[in-house]
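Peer 1: The structure's right below; bear with me while I get my questions together.
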Amino acid sequence: MTHPSRSYLKSFSSFLQAAAILTVALVAFEPESLGQAGKGASSNDWFIKSAKDRNEKLQTGIKGGEKRDIIHSLPGMPIPQSERLKPPSPDYLLGKVKWGSGAIIGKELTEDWNLAPNDMLEFHKRARSEGFKYMPTQTSLAEFSYDPALMPAILLGGVREVKFTPTVINKLRQYVLDGGMIVCDSVYGSPWFYESSLKVFDDMFPESRFRVLPPDHPLYHIATDIEKVTYRSGGEGEKGKPFFEGLYIGSRIGVLVSKYGLGCGMAGEMKVFDQLEKKGLKPKAYSEQSARQIGENLAPYIVGYGRVGEAEGKAELFGTIDQNAPTSEFVFAQVKHDGHWNVHPGAARQLLSRLEKDSAIPVNLKRVSVDLERDDTSAYPFLFFSGLDDFVLTAKQIRTLRRHVNQGGTLVINNGLGLATFHQAAVREMRRVFPADEFRLLPQTHEIFRSLHTVSRVKYTPTLMKDQGEKLQGRPVLFGMKIKGKLRVIYSPYDLEGGWNEVRYPLSRGYQSDSAKKLGMNIIMYAMTH
Amino acid sequence: MNHSDLEQRIGAWLDGRISEAESETLQQELRESAEARATFESYAQLDAVIREVADTESVGAISRGSGSSVSIPKRATPPYARALLAIAAGIIIALTAVLYFQPMKAGRNIVRIKGLNGTLTWIGDGGQIVQGSSSPQMRTRWSNVLSEEAELPGGTIEGTAPDSWFELEFHDGSTATIFGDSILTFSDQGQKELRLKQGRFSASVVPQPAGEPMLIHTPAAHLKVVGTQFDVEAAPESTMLYVREGKVQIRRMSDGKTVDVSTGHRVVAAAGSEMLPQLVAPDRTWAQTPVWENTSNSGNQNLIATQETRDYDGTRNLLLSEEPASLPVQDTGYTIRSGDKFEIRYVWMGDNWWTAKDQIAIKLFTTDNDLISGTRTTFATMLSGTSITAGTYEAASGSATATATEARKRLFVAIDTQDGGGELEGVARLDNFQLQVTHFPEPGLPRLDDFQLQGIPFPDPPPPPAAEIIIGGNIRNGDFNED
Amino acid sequence: MDDQSAEKRTASNDDERYEAFMRLLVEHEPRVRSFLRGLLPTWHDVEEVTQEASLIAWRKFDDFEDGTSFGGWLLTIARFEALKHRRRVARSPLVFADDVWDLLAEDACGEGGQQIRRRHLEPCLAKLKPGQRDLLLHVHSPGVVMREVALLSGKSEQAFYKVIQRLRAVVLACVTKAIAAENAK
Numbered sequence: 000m001t002h003p004s005r006s007y008l009k010s011f012s013s014f015l016q017a018a019a020i021l022t023v024a025l026v027a028f029e030p031e032s033l034g035q036a037g038k039g040a041s042s043n044d045w046f047i048k049s050a051k052d053r054n055e056k057l058q059t060g061i062k063g064g065e066k067r068d069i070i071h072s073l074p075g076m077p078i079p080q081s082e083r084l085k086p087p088s089p090d091y092l093l094g095k096v097k098w099g100s101g102a103i104i105g106k107e108l109t110e111d112w113n114l115a116p117n118d119m120l121e122f123h124k125r126a127r128s129e130g131f132k133y134m135p136t137q138t139s140l141a142e143f144s145y146d147p148a149l150m151p152a153i154l155l156g157g158v159r160e161v162k163f164t165p166t167v168i169n170k171l172r173q174y175v176l177d178g179g180m181i182v183c184d185s186v187y188g189s190p191w192f193y194e195s196s197l198k199v200f201d202d203m204f205p206e207s208r209f210r211v212l213p214p215d216h217p218l219y220h221i222a223t224d225i226e227k228v229t230y231r232s233g234g235e236g237e238k239g240k241p242f243f244e245g246l247y248i249g250s251r252i253g254v255l256v257s258k259y260g261l262g263c264g265m266a267g268e269m270k271v272f273d274q275l276e277k278k279g280l281k282p283k284a285y286s287e288q289s290a291r292q293i294g295e296n297l298a299p300y301i302v303g304y305g306r307v308g309e310a311e312g313k314a315e316l317f318g319t320i321d322q323n324a325p326t327s328e329f330v331f332a333q334v335k336h337d338g339h340w341n342v343h344p345g346a347a348r349q350l351l352s353r354l355e356k357d358s359a360i361p362v363n364l365k366r367v368s369v370d371l372e373r374d375d376t377s378a379y380p381f382l383f384f385s386g387l388d389d390f391v392l393t394a395k396q397i398r399t400l401r402r403h404v405n406q407g408g409t410l411v412i413n414n415g416l417g418l419a420t421f422h423q424a425a426v427r428e429m430r431r432v433f434p435a436d437e438f439r440l441l442p443q444t445h446e447i448f449r450s451l452h453t454v455s456r457v458k459y460t461p462t463l464m465k466d467q468g469e470k471l472q473g474r475p476v477l478f479g480m481k482i483k484g485k486l487r488v489i490y491s492p493y494d495l496e497g498g499w500n501e502v503r504y505p506l507s508r509g510y511q512s513d514s515a516k517k518l519g520m521n522i523i524m525y526a527m528t529h
Numbered sequence: 000m001n002h003s004d005l006e007q008r009i010g011a012w013l014d015g016r017i018s019e020a021e022s023e024t025l026q027q028e029l030r031e032s033a034e035a036r037a038t039f040e041s042y043a044q045l046d047a048v049i050r051e052v053a054d055t056e057s058v059g060a061i062s063r064g065s066g067s068s069v070s071i072p073k074r075a076t077p078p079y080a081r082a083l084l085a086i087a088a089g090i091i092i093a094l095t096a097v098l099y100f101q102p103m104k105a106g107r108n109i110v111r112i113k114g115l116n117g118t119l120t121w122i123g124d125g126g127q128i129v130q131g132s133s134s135p136q137m138r139t140r141w142s143n144v145l146s147e148e149a150e151l152p153g154g155t156i157e158g159t160a161p162d163s164w165f166e167l168e169f170h171d172g173s174t175a176t177i178f179g180d181s182i183l184t185f186s187d188q189g190q191k192e193l194r195l196k197q198g199r200f201s202a203s204v205v206p207q208p209a210g211e212p213m214l215i216h217t218p219a220a221h222l223k224v225v226g227t228q229f230d231v232e233a234a235p236e237s238t239m240l241y242v243r244e245g246k247v248q249i250r251r252m253s254d255g256k257t258v259d260v261s262t263g264h265r266v267v268a269a270a271g272s273e274m275l276p277q278l279v280a281p282d283r284t285w286a287q288t289p290v291w292e293n294t295s296n297s298g299n300q301n302l303i304a305t306q307e308t309r310d311y312d313g314t315r316n317l318l319l320s321e322e323p324a325s326l327p328v329q330d331t332g333y334t335i336r337s338g339d340k341f342e343i344r345y346v347w348m349g350d351n352w353w354t355a356k357d358q359i360a361i362k363l364f365t366t367d368n369d370l371i372s373g374t375r376t377t378f379a380t381m382l383s384g385t386s387i388t389a390g391t392y393e394a395a396s397g398s399a400t401a402t403a404t405e406a407r408k409r410l411f412v413a414i415d416t417q418d419g420g421g422e423l424e425g426v427a428r429l430d431n432f433q434l435q436v437t438h439f440p441e442p443g444l445p446r447l448d449d450f451q452l453q454g455i456p457f458p459d460p461p462p463p464p465a466a467e468i469i470i471g472g473n474i475r476n477g478d479f480n481e482d
Numbered sequence: 000m001d002d003q004s005a006e007k008r009t010a011s012n013d014d015e016r017y018e019a020f021m022r023l024l025v026e027h028e029p030r031v032r033s034f035l036r037g038l039l040p041t042w043h044d045v046e047e048v049t050q051e052a053s054l055i056a057w058r059k060f061d062d063f064e065d066g067t068s069f070g071g072w073l074l075t076i077a078r079f080e081a082l083k084h085r086r087r088v089a090r091s092p093l094v095f096a097d098d099v100w101d102l103l104a105e106d107a108c109g110e111g112g113q114q115i116r117r118r119h120l121e122p123c124l125a126k127l128k129p130g131q132r133d134l135l136l137h138v139h140s141p142g143v144v145m146r147e148v149a150l151l152s153g154k155s156e157q158a159f160y161k162v163i164q165r166l167r168a169v170v171l172a173c174v175t176k177a178i179a180a181e182n183a184k
């Protein structure tokens, strides 16, 4: 029997009294269907453990102190030299976090955090068979180290409302910003857990929002391609597609929320759904097969983007510009929009450092963020617009961009990670901003490819190389729009920005570091001299 | 040490309202006197036992204003039996404080939310007030009271902005919708009863059980609805009722006068004015027609724009007149590009006083300031040809290409008439107007529009240009049916 | 409790033990709550500690010897848990000094002194006017905040508290008499 957490169980007799009341009440008054559309009258209606704890020990085959570089060699993804020198990896991959309270029901100790008690056991068994040799572990919010280097991801599962104390909220936030990942599994699809976890984490990160993961998100493709899934129950509205919501920090998912239960599917213990349905509830969960498939992708995602988290996680200060003291320095101004805009924190700085070294341009190393609704963009001749998924421009933002470009400013748009969702949005929105102009591919002979460095052949990221390498043949792909005969708007459908950071972004379609930096510097140089 | 003072202090401690100073005094007493401690313990025990009784006996009790309370009587079961009951049930449910203090009627849901928009306030029977707002953003929300498919017990829904609306569905399928600044209270205890305190309301009511019509109260009138579709607008002194289908009985509150209002009729119930149902013909004026405007010199927006009579496909059609008083124009919102090819298609019919040589003339134009009021330059006129068979609808079409002169300007469309000689009295009808554009780009370097992020990046040859619909069907009111 | 030994038991054995525990708990728990009420500052604390004590008693039930006083055993656990809890509770006028605490705990644990039971209370409650009875029960209902009721009552707060206090005193006097009468038999 595991130790219950510090939060207390209610006294038994008050249980009994309540049960008696409820039983009597249910007899005296005809029970209506429990609450709204299968939600239950209260979150307690969902509070059933799905199975007994198996408490198996995983055969490790590794001695306690042994550590090794864990980046699993996914096909076509050689490990860069710089990463081989990094410190060894942790023993843990996805730790299960104890939260909430518990009760003895029947004879089982049933606790909020452990309703699918064998999910992590099975998850780690499978991950192990794919070469990710980690140990399952449990930790409590009080004992947890909150160090992503020791525990790259944590799992929060449950059915009732989640609540954290302010101290824990601060610690969790810092954990994620430092590179950690939180996975929230609404194990039975209880709306109480699902909605409260969305709210809690949304409040925790006022700078970011939950977004539905698009079908070409790396999570759905990193090990196997998950195009279609099946649901055990409740998933009719998803039409066979997986549904996950993620809160991005930089380009990675900082908090992942699964509206449909995963844990029981991973553990292969699905009987509890029959029980829930008999009670009139409407559980939501993936089928066993799909839950396992998702788990198979989750492990490499955590590993792959964990490193990204470390690299991007270093605190970055945005600079400000003194409007009254115009500077001859080059200022990298990044545009805020209602999609996820801060895709690769730290990247601009890397580019700017290199630019400072390689050129004679005085460079301000701090990037500046620009709000098109409010700010005057005349101070920033160079605007950089990057994103990860869908976005929509307001009428005011459209007017500001038009004015910026008509007055001689340059606008560079970058498809962070090279996903389809952003590409479609960019094409659509640019059509709204510039309805009468069009983007054309910049020919290899264009001056922009010679403005600072000479760029004739480029190196793509492994995923892009695999997908399109043959067709693209090493050429840089930049589209340009001329306003009044001059090149003013540049769009890169493949990720330039990610390449400026010295870290590998699994499944990103873009340019490798050296090529990306050269292209970035050339673009800036061209913009400043035309 | 006054005994009653001690009791006061103990009471204050039990209630959690004791001050520091009083607490010090109390503690001193407890230190010094075993009797004081015995009294303290007695009160503490009493407190616990009263709470035990209160807990099991008065669940569901509410205090009414008068001071009496209503409680659900329980058969007192001995503790042992209760325990076994629970064990037998196998369910032990963790308690929350809410369970102890719940209003009586909680839990009976009578409607389901079918749709909602804008800012709304809902006040449920239990007194809880919920404010909701649904706005079309990518944001995922967590509101679980005011959301589609949520169920509600009886209560009051209030729309608080002009674009608010709220649609609910009763268990029998009857639906009701409020629009804009409106307040609707609803309940269903076998007979549905609604109170529209103000605002606009529309309902579609399935046949109600005999003797239990849906009742609707407004400040000025009472309505009885057996099964029908209707709209109601309630103002403090008058109520407007329009019955789309079925029959509604309305009674004016000022004098009790009652009339039956049947399909297609409208009546206004107000003290001192005649309450006579009037047949409403579904004509729409320019003011009532979205997207299209009457840009003739007269600019009269009250002329009839569309009608359902003499229709082509059972829906509204555009009424055209040779008179200069009426000239339908639309700002398409589309920016012209050089090389754009425009194609139009529609059906039309010559009606009264239309002569053999009169034609429809579709004109494409730009203005000097990209506004509908600017100076016009027509760059294409497409004639329908003369009517083949008078009095029946026929199809017409045309096309035009934009040149560099029109490029970057806003596109406007006018549906005009061209007189064939004779008088300017003819009337014609037009329906299912469609305008599409196909852009033929200049040859050159690969375009972003042809680029494929996944698949073949630069297809060669590039895919043939596709037509894009600017006006057609319900896009920009091409079928003239938008309300 | 070790999983191994638990697994060795048969299912029916488990059921019996569980039922026995429940029976004892239901019988003795009210006493524990009364006891804790006189030690801990709020009902919230009382609930928490009661839960803890119940859980520990369940876990240690194997150590409990049949025939010894379950009530006393449970009370000892509760007192220990209350002491642990007290260390975590913030300073407030509701939290008594250590020495006062010890005195109260000692007195309450003693076997002397009469326990007020429901059977004493109910007839006394019945003697009140219905409005008074309902009011008294209402302010003692779990989840009810006395101050809110006071504010809604239409009386001034102080006047309201005085009313409640008077009702308590009346009821206590009646209960004390009832207990005395019981003992005299």
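Chains as they are written, first to last, in numbering that gives the first Met the number 0: chain A, 0 to 529; chain B, 0 to 482; chain C, 0 to 184. Where is the CB? At the ideal position from N, CA and C, for every residue including glycine.
1) Counting beta carbon pairs with one atom in the stretch 484-491 of chain A and one in the stretch 455-466 of chain B, are three or more of them shorter than 8 Å?
2) Identify whether R107 (chain B) lies in helix, strand or coil by the three-state DSSP scheme.
3) Quick one: Cα of Q417 (chain B) to Cα of A360 (chain B), how far?
4) Under 6 Å Cβ to Cβ from E287 (chain A), same chain only, skipping five residues before and after it: list those, please.
5) Could you check whether V167 (chain A) and L140 (chain A) sit closer than 8 Å to each other, using their CB atoms as the reference points?
6) By a C-beta neighbour count over all protein chains shown, 10 Å radius and 16 as the cutoff for buried, is A220 (chain B) buried or exposed?
7) Going by DSSP, what residue range makes up the alpha helix (DSSP H) through V96 (chain A)?
8) Ignore the nearest five residues each way along the sequence and tell me which others in Q306 (chain B)'s own chain have a CB closer than 7 Å to its CB.
9) Output, in chain order, the set of chain B residues within a Cβ distance shorter than 9 Å of Y490 (chain A).
10) Does the beta-carbon distance from S185 (chain A) to S257 (chain A) come in below 8 Å?
11) State the beta-bridge partners of I489 (chain A) as determined by DSSP.
12) Let me know the secondary structure DSSP gives Q453 (chain B) once reduced to three states.
13) What is the rounded straight-line gap between the Cα of S386 (chain B) and the Cα of A413 (chain B)?
14) Using a Cβ-Cβ cutoff of 8 Å, what residues of the stretch 234-262 of chain B are near chain C? List them in chain order.
15) What residue range is occupied by the uninterrupted alpha helix (DSSP H) comprising R127 (chain A)?
16) Is it the case that the stretch 506-514 of chain A contacts the stretch 423-432 of chain A, given that we only count it when at least three CB pairs across the two stretches are under 8 Å?
17) Measuring only between beta-carbons, confirm whether A424 (chain A) sits less than 8 Å from chain B.
18) Flag this pair as yes or no: are the beta carbons of I47 (chain A) and Q274 (chain A) separated by less than 8 Å?
19) At 8 Å on the CB atoms, spell out the chain C contacts of G10 (chain B), in chain order.
20) Name the chain C residues that come within less than 8 Å of D54 (chain B), Cβ to Cβ?
21) Between V170 (chain C) and the rest of its own chain, which residues show a CB-CB distance below 6 Å, the 5 nearest in sequence each way excluded?
22) In chain order, what residues of the stretch 436-465 of chain B put their CB closer than 8 Å to some CB of chain A?
23) Leaving out the 5 sequence neighbours to the left and right, which residues in its chain are closer than 8 Å to E188 (chain C) when beta-carbon positions are compared?
24) Which residues in chain B sit within 7 Å of T41 (chain C), going by Cβ to Cβ distance?
Peer 2: According to the data block:
1) no
2) coil
3) 6 Å
4) G264 and G267
5) yes
6) buried
7) Not the alpha helix (DSSP H): V96 (chain A) falls in the beta strand (DSSP E), residues L93 to K97.
8) D282, R315, N316 and L318
9) L447
10) yes
11) A:V411 and A:G479
12) coil
13) 20 Å
14) none
15) D118 to S128
16) no
17) no
18) yes
19) Y160, I163, Q164 and R167
20) S140 and P141
21) C123
22) P440, G443, L444, P445, R446, L447, D448, F450, L452, Q453, I455, P456 and F457
23) The first residue shown for chain C is 0 and the last is 184, placing residue 188 (chain C) beyond what the model contains.
24) G15
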